[in-house]
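Have a look at the structure below, then the notes.
Protein chains: 2
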Amino acid sequence: MSEEPPRRRTIRDVAKAAGVSISTASNALNGIGRTNPETREKVRRIAEQIGFRPNALARSLLTKRSHSIGIITNDTYGRLTLPMTAGVSEALVDHGVSAFLCATNNDPRLAQLHLEALLDKQVDGIIFTATRADLTPPIDLTRLAIPVVYAFAIGPPTAPTFIPDDAQGARLAVQHLLDRGYRRILHITGLEDYLAAQLRAETYRDLAGAELDVLFGEWTEEWGHEAVRLVMERGGDLPEAIFCGSDEIARGVIDALRDRGLKVPEDVAVVGFDNWRVIATQTRPPLTTIDMELKELGRRAGLAMLDLTRGLPVEPGITRLPCSLVVRRSCGA
Amino acid sequence: MSEEPPRRRTIRDVAKAAGVSISTASNALNGIGRTNPETREKVRRIAEQIGFRPNALARSLLTKRSHSIGIITNDTYGRLTLPMTAGVSEALVDHGVSAFLCATNNDPRLAQLHLEALLDKQVDGIIFTATRADLTPPIDLTRLAIPVVYAFAIGPPTAPTFIPDDAQGARLAVQHLLDRGYRRILHITGLEDYLAAQLRAETYRDLAGAELDVLFGEWTEEWGHEAVRLVMERGGDLPEAIFCGSDEIARGVIDALRDRGLKVPEDVAVVGFDNWRVIATQTRPPLTTIDMELKELGRRAGLAMLDLTRGLPVEPGITRLPCSLVVRRSCGA
DNA sequence: ACCAGTTGATAAAAGCTTTTAGCAAAAAAT
DNA sequence: ATTTTTTGCTAAAAGCTTTTATCAACTGGT
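Listed below in structure tokens is the structure:
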């Protein structure tokens, strides 16, 4: 009936079992101070035997390092946040650091609540991530006593910031088309007030020449359809290739082209942006696209955070991380 | 140069500023013990003024409740995990409880590492979530001293478990079709060894009659195409409606029907499963589908965890939470 | 005026670890 | 043989909070 809870072993248990003082046990386990090798091994063996694991709370209270960080995101959907979070964890887990994930839904009250809980728990730092780089956080993170890193979000110039290199990604896409001999390249993309859209469009113009203008619209399949309709209606030569600002747009474009009897990539080549697998692998043909390497982005943010919490210098300001090209079949085999 | 870090205020600071002892300050702030109302107000006012917030680590060390829990997931993609996590947080944040998110990628080593970090940090409980309900966790969570709750995953019979009610969801879908007058209903779904697929198929057979057999296949758009091809080739009457096991399959089905000149919903109605917005809103026409209410699922798991950590009784075993029907246009306006 | 009970506060212990300072014994140096 | 140094270990403090036990002062009853 009265099942006594299996109390966790403390360093006191180790000390007693090894017949030494608590301090010696601590020294032996942490390999600091002056300890007889024999004693050290004995203590370690016994600790291992009885399954001792130090209480991180007590340790943190003293060392002022909690080995936990907070990730604050405004993404409810998860497509961007989870790969990034996985990357962050990957960088941290080997160092015993865990990450609190706080989904704020972009609600300032919720964000404040989460932030307070994090600070109370003495997190060593905070990583802020967003669904869109050029969006201000729902709370002020600039006056905290702990380091803040921004991932897929832009913070103050003093904070380390990691975002995908949109220009480089666009270059990858357009250059791929050029390399394969496509010339008249059109760019169909999302909302013009997204910084990412601007950067990609700019690079596109530099590389592809600006004979054809950039078509800004929504970030949806529907806009992909609509854009193709516009292009066909205004007549003139068809483009040889289309660089789309997102995989969703690309999917709309591909479907619209097929509806009109045009073959991809024979008549028109298409390249997307995002490598959102559920879309990119299921278009007909599968979509060649740009991957923003979100996991790597998260990993880098995690590593930066690790350095910061150790007091090591970390270069402030924006670091743009390279995207990669994922070749499928929409630009020819 | 030597910027002194703004040390966090402790209860000691409050006590000193209020001219009382630490114990009195603690009593006043927590409203326990015997305290003169005047003193209590004074202490609270001063605490507020100097911005005192108790150190959760120290508190937890004593009370044995860390006000943090761990979420272990094997989902790297985030589609299921993030909405659920958001739901969990939503249930917990008002109680000052935060959640560590651990993405294991289904790697036992990684899972073990995460688990140890969580236990060291004295989490009050663990929620395990998966991308598929009938999959065993990469680590053994049955012998822990803390409560474990399963969400979108099946644990031991003694553990509270929350999963979507697949049968009810399927009923919702099929009944919707029947209510709208569709009779010959076909079911195209995913892999037969998924428990979810079996449950949905069973319900479908009960409701729609089993004249037409269930078509099991992959969980992909491609299979949706392929399945339509199979149906058309084998000839006979076309179904009046198709109940698809996932939105991805539904999308393939809709596209395949259109390719063959069949109109949705005029010639064939289609209903999906998942309410994965990027798909369901972009099919032509937009897809009527079943939403598994993942956020609510997470919220329920969070609430159960909350009760467990407080020692309140929580019903063990599987709780199937209702899905909802999201009507768009693929079954008529 | 004395005793019992109440009130409002406090000192100290507890929770678990790390770290500082110190002590006794052994080793090395004079 | 005595002093200095080194070695191996330990007691105690510190980190911040909550809680238990205690204490002094006051209230009210006889």
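Residue numbers (this note's numbering), protein chains in the order written: chain H, 1053 to 1385; chain B, 1053 to 1385.
C-beta atoms are modelled at their ideal positions from N, C-alpha and C, and glycine is treated no differently.
- Listed in chain order, the beta strand (DSSP E) runs fully inside the stretch 1222 to 1266 of chain H are 1237 to 1241, counting runs of at least 3 residues.
- Cβ atoms of B/Pro1368 and B/Ala1211 come within 8 Å of each other, at about 6 Å.
- The beta carbon of H/His1239 sits no closer than 8 Å to any beta carbon of chain B.
- Here B/Arg1059 is exposed: its Cβ has fewer than 16 other Cβ atoms, across all protein chains shown, within 10 Å.
- Judged by beta-carbon spacing, B/Asp1186 lies beyond the 8 Å limit of B/Cys1375, meaning their Cβ atoms are not closer than that value.
- With its beta carbon less than 8 Å from one in chain H, B/Asp1172 belongs to the interface.
- Residue pairing by DSSP places B/Leu1373 opposite B/Pro1216 in a beta bridge.
- For the 8 Å CB-CB criterion, H/Cys1296 and H/Val1316 do not form a contact.
- In this structure B/Gly1130 is buried. Its beta-carbon is surrounded by 16 or more other beta-carbon atoms within 10 angstroms.
- With contacts defined as CB atoms closer than 8 Å, H/Ile1370 and H/Thr1213 qualify as a contacting pair.
- The stretch 1060 to 1079 of chain B makes no contact with the stretch 1247 to 1262 of chain H; the number of CB pairs closer than 8 Å stays below 3.
- Looking at the backbone, the Cα of H/Val1330 and that of B/Ser1298 are separated by about 12 Å.
- Sorting H/Ala1205, H/Pro1209, H/Gln1174, H/Phe1180 by C-alpha distance to the C-alpha of H/Ala1197 places H/Gln1174 at the top.
- According to the DSSP secondary-structure assignment, H/Asp1343 is paired through a beta bridge with H/Ser1376.
- Bridge pairing for H/Ser1150: H/Ser1120 [DSSP].
- Nearest to B/Gly1287 by alpha-carbon distance, out of B/Gly1276, B/Ile1306, B/Arg1372, B/Leu1264, is B/Leu1264.
- Residue contact check for B/Ser1298 against chain H: no CB pair falls below 8 Å.
- Within chain H, not a single residue places a beta-carbon under 9 Å from that of B/Asn1158; the smallest gap is close to 12 Å.
- In terms of Cβ geometry, B/Ala1219 and B/Ile1191 do not form a close pair [threshold 8 Å].
- In terms of Cβ geometry, B/Ala1353 and H/Leu1153 do not form a close pair [threshold 8 Å].
- No Cβ-Cβ contact shorter than 8 Å links H/Pro1199 with H/Gly1233.
- In the three-state scheme derived from DSSP, where H, G and I count as helix and E and B as strand, B/Thr1137 is classed as helix.
- Every beta strand (DSSP E) stretch that sits fully inside the stretch 1149 to 1205 of chain H and reaches 3 residues is listed by chain position as 1150 to 1155, 1178 to 1181, 1200 to 1203.
- When DSSP reads this structure, H/Cys1296 sits in a beta bridge with H/Ile1240.
- When secondary structure is reduced to three states using DSSP, B/Ser1073 falls in the coil class, being assigned neither helix nor strand.
- The bridge partners DSSP lists for H/Phe1268 are H/Thr1241.
- In this structure B/Arg1351 is buried. Its beta-carbon is surrounded by 16 or more other beta-carbon atoms within 10 angstroms.
- Counting only the Cα atoms, B/Arg1105 lies some 10 Å from H/Ala1169.
- Per DSSP, the beta bridge partners of B/Ala1321 are B/Ala1293.
- In this structure, DSSP gives B/Gly1384 an extended state, which the three-state scheme calls strand.
- By the CB criterion at 8 Å, H/Leu1243 and H/Trp1271 fall inside the cutoff.
- The Cβ neighbour count for B/Gly1207, taken over all protein chains shown within 10 Å, is at least 16; the residue is labelled buried.
- The Cβ atoms of B/Leu1132 and H/Ser1118 do not sit closer than 8 Å to each other.
- Residue contact check for H/Ser1118 against chain B: a CB pair falls below 8 Å.
- Excluding the 5 residues flanking it on each side, B/Ala1302 has same chain C-beta neighbours closer than 6 Å at Cys1296, Val1322, Gly1324, Leu1339, in chain order.
- Around the CB of H/Asp1319, fewer than 16 other CB atoms lie within 10 Å, so the residue is classed as exposed.
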